[in-house]
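Engineer: Residue numbers (this note's numbering): 1294 to 1404. All C-beta atoms, glycine included, are put in the ideal place defined by N, C-alpha and C. These numbers were taken from a predicted model, which means no experiment stands behind them. Here you go, one structure.
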């Protein structure tokens, strides 16, 4: 993610300007029924496939916890970065069923 602040301001000539615009506060995590998740299949370098979950709204710590649960469910490696959960391999059906069973609004996306 970019280190630029949310307002897009990179430089100001105002000597009293402050970048403190509430950025330290993380977004409140929405309940599962309010989340609108999309599950993508992407091809990475070398022809490897990865399942990517996008659209999560909330704290990064909660997203990392969800990512850990999904990786454990699939028995696969992966990561959480740029507010996306990336799980190695094609696990779209398994992840979709697991998320929907827990009340998340999720569906497959892409081609």
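Out of 1322, 1330, 1345, which has the shortest C-alpha to C-alpha gap to residue 1336?
Structural biologist: Answer by Cα proximity: 1345.
Engineer: Residue 1385 and residue 1328: beta carbons closer than 8 Å?
Structural biologist: Cβ atoms of residue 1385 and residue 1328: not closer than 8 Å.
Engineer: Rounded to whole angstroms, what's the CA-CA distance from residue 1306 to residue 1341? Just pull it up for me.
Structural biologist: Straight-line Cα distance between these residues: approximately 48 Å.
Engineer: For residue 1283, does the count of other Cβ atoms within 10 angstroms reach 16, so buried, or fall short, so exposed?
Structural biologist: This structure leaves residue 1283 out entirely; the chain is present only between 1294 and 1404.
Engineer: Of the residues 1374, 1366, 1343, 1369, which one's Cα is nearest the Cα of residue 1349?
Structural biologist: When only C-alpha atoms are compared, the closest one is 1374.
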